[in-house]
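Each residue of the sequence shown is one higher than the last, beginning at 0 in numbering that gives the first Met the number 0.
Ideal Cβ positions, reconstructed from N, Cα and C, are used throughout, including at glycine.
All figures in this text were calculated on a predicted structure; none of them were measured in a lab.
Read through the structure below, which is laid out as structure tokens, and then see the notes.
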Amino acid sequence: MNLKTAKTVLMILGVLLAASLLGGILTKKELFYWLDALIALCTIVFHVVFWRCPKCRKWMGGREDQCPFCGTKLK
Ligand SMILES: [Zn+2]
Numbered sequence: 000m001n002l003k004t005a006k007t008v009l010m011i012l013g014v015l016l017a018a019s020l021l022g023g024i025l026t027k028k029e030l031f032y033w034l035d036a037l038i039a040l041c042t043i044v045f046h047v048v049f050w051r052c053p054k055c056r057k058w059m060g061g062r063e064d065q066c067p068f069c070g071t072k073l074k
């Protein structure tokens with residue numbers, strides 16, 4: 000998976016999380032809180048698994064512009 004696709008998926012997960020949080024606030028249903036936790040967990044796992052440098056394959060943490068390990072510029 001390339002970074003562009005990973006970024007899109009992370010964005011979708013972010014929107015789902017926001018929607019679920021809002022659902023939880025509005026309806027006060029416990030289901031939404033579980034859903035929030037599940038989506039948040041998926042987001043973290045996805046980030047760690049796919050947010051990697053295309054060259055050295057190391058996890059880039061919060062970086063989006065440049066790999067902190069090998070210096071590869073992204074985009
Ligand atoms: Zn790298």
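To which residues of the same chain is residue i closer than 7 Å at the C-beta, ignoring the five residues directly before and after it?
i     : result
ARG51 : LYS57, TRP58 and MET59
VAL47 : TRP58
What does residue i pair with, by DSSP beta-bridge criteria?
i     : result
TRP33 : None; TRP33 has no bridge partner.
ARG51 : TRP58
LYS72 : GLN65
Cutting at 6 Å between CB atoms, please list the residues of its own chain near residue i, excluding the five before and the five after it.
i     : result
TRP49 : Position check: residue 49 holds Phe in this sequence, whereas Trp was assumed. These residues qualify, in order along the chain: MET0 and ALA5.
LEU34 : SER19
Look at the alpha carbon of residue i and the alpha carbon of residue j, and state the distance between them as a whole number of angstroms.
i     : j     : result
LEU20 : THR42 : 14 Å
THR71 : ASP64 : 9 Å
ILE79 : LYS27 : Coverage of the chain is limited to positions 0 through 74, which leaves residue 79 absent and any answer about it impossible.
GLY61 : CYS69 : 15 Å
ILE24 : LEU37 : 16 Å
Can residue i and residue j be called in contact, C-beta distance under 9 Å?
i     : j     : result
CYS66 : LYS54 : yes
ALA39 : LEU16 : yes
VAL8  : PHE45 : yes
With a cut-off of 9 Å, does the C-beta of residue i fall near any C-beta of chain C?
i     : result
PRO53 : The structure shown contains no chain C; it is built from a single protein chain.
Excluding the 5 residues flanking residue i on each side, which residues of the same chain have their C-beta closer than 8 Å to its C-beta?
i     : result
GLY22 : LYS28, PHE31 and LEU34
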